[in-house]
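To start, the structure under review is shown below, and the notes come after it.
Numbering (full-length UniProt numbering), first residue to last: 1 to 114.
Following this line, the structure appears as structure tokens:
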């Protein structure tokens with residue numbers, strides 16, 4: 001084992017170029033970046049299916065299951081009106097990073113580069 005000096009000096013260890021992420025003059029959509037990273041990590045993607053279509057499909061499906069179809073308005077306020085559906089499960093973040101074929105269909109250049 002290497003000997004450690006008895007008198008240690010604190011140095012200025014600045015890493016100016018370590019992180020490849022710089023957001024100077026870039027508005028980064030972190031929801032998009034999180035959805036994209038999740039898409040690559042899970043090897044899943046959503047193609048041409050926006051949240052509005054998902055809401056309509058949920059409405060159709062839930063109204064078949066609910067005893068009171070009027071209760072859908074409560075569910076819509078809870079999850080869809082305030083965009084809280086994206087907080088239910090990380091999988092919903094995949095809506096932010098949608099693909100068309102192998103290309104990312106939305107997001108700025110800074111988002112894609114990140």
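Yeah, the Cβ is synthetic: ideal placement off N, Cα and C, and Gly gets one too.
Item: Counting only runs of 4+ residues fully inside the stretch 26-87, write out the alpha helix (DSSP H) ranges in chain order.; Value: 30-42, 51-65 and 72-75
Item: Does the separation of the CB atoms of residue 95 and residue 46 fall below 8 Å?; Value: yes
Item: From the beta carbon of residue 47, is the nearest beta carbon of chain D less than 8 Å away?; Value: Although the question refers to chain D, the structure presented lacks it and comprises just one protein chain.
Item: For residue 39, does the count of other Cβ atoms within 10 angstroms reach 16, so buried, or fall short, so exposed?; Value: buried
Item: State the CB to CB distance for the pair residue 97 and residue 36, rounded to an integer number of angstroms; the pair is presumed to be in contact (CB under 8 Å).; Value: 4 Å
Item: According to DSSP, is residue 93 helix, strand or coil?; Value: helix
Item: Please name the residue in 34, 4, 6 and 27 whose C-alpha comes closest to that of residue 91.; Value: 34
Item: Looking only at its own chain, which residues have a Cβ that is under 7 Å from the Cβ of residue 55, when we skip the five neighbours before and after it?; Value: 80
Item: Is residue 93 buried or exposed, if buried means 16 or more other CB atoms sit within 10 Å of its CB?; Value: buried
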